[in-house]
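In this text, residue positions in the sequence shown follow our numbering: the first is 1, and each later residue adds one.
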Amino acid sequence: RFAHSSLGRVPFRWMCAASRTDIPHTVSAAEFMDLPIIATSRELQLRSSALTWIRDNQIVFRAPTICNTFTIVAKMAAAGLGVALLPVSLYREAIEQGELRMVNCVPEMQPFEMFVIRPLSSIRPVDLAVEALAVEIGRPYTARTAGETPRPIENREVGT
């Protein structure tokens with residue numbers, strides 16, 4: 001009932017304040033359960049690669065702080081309040097400036113795949129134009145930030 005087109009993959013990494021010397025540079029998935037976690041809303045936090053990683057590694061976060069936006073989550077992490085799962089492309093400058101640092105996890109989380117999704121019944125020219133524009137702009141961007149080669153447009157039907 002829906003058509004979707006991949007925009008590519010976006011790498012997310014756990015990040016904390018560069019000043020947090022008590023948080024190791026590499027942490028096992030099980031060790032994340034003991035860290036102060038700052039997460040975006042529950043809906044976003046449990047998507048795709050993150051949900052698979054959490055499930056496969058049997059992770060239960062004890063008392064995560066939940067916020068609505070990456071902006072607030074990143075500011076809290078940079079202030080030293082915990083570890084946050086953030087898109088690398090949006091916070092590369094903060095990493096380069098020493099505000100945030102990546103916390104490597106073992107095993108590493110796979111990049112998130114982003115999609116444009118629309119009902120098959122939505123064939124208005126404006127809907128198709130927005131979808132085509134998102135694919136044109138989004139796929140090269142996500143490919144650059146993930147170090148991938150853009151793939152051809154995939155438009156396939158999926159169930160509900």
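Glycine included, each C-beta is placed from N, C-alpha and C at the ideal position.
- Taking C-beta atoms as the reference points, residue 38 and residue 106 fail to come closer than 8 Å.
- C-alpha of residue 76 to C-alpha of residue 109: approximately 22 Å in a straight line.
- Only exposed fits residue 136, as fewer than 16 other CB atoms lie within 10 angstroms of its CB.
- The continuous alpha helix (DSSP H) containing residue 94 extends over residues 88-96.
- By the Cβ criterion, the stretch 84-93 is in contact with the stretch 10-17, since at least three pairs of Cβ atoms, one from each stretch, lie closer than 8 Å.
- Residue 125 sits in a helix when the DSSP states are folded into three classes.
- Judged by pairs of C-beta atoms under 8 Å, the stretch 15-35 touches the stretch 52-66, as three or more such pairs exist.
- In the three-state reduction of the DSSP assignment, residue 8 falls in the strand class.
- Between residue 99 and residue 18, the gap from beta carbon to beta carbon is short of 8 Å.
- Runs of the alpha helix (DSSP H) spanning 4 or more residues and lying entirely within the stretch 43-82 occur at 48-56, 70-78, in chain order.
- The alpha-carbon separation between residue 24 and residue 102 amounts to approximately 10 Å.
- The C-alpha of residue 113 lies about 7 Å from the C-alpha of residue 6.
- A residue is called buried once 16 or more other Cβ atoms fall within 10 Å of its Cβ, and residue 85 is buried on that count.
- A Cβ-Cβ distance of about 15 Å is found for the pair residue 124 and residue 2, leaving them out of contact under the 8 Å criterion.
- The three-state reading of DSSP puts residue 113 in strand, counting E and B together.
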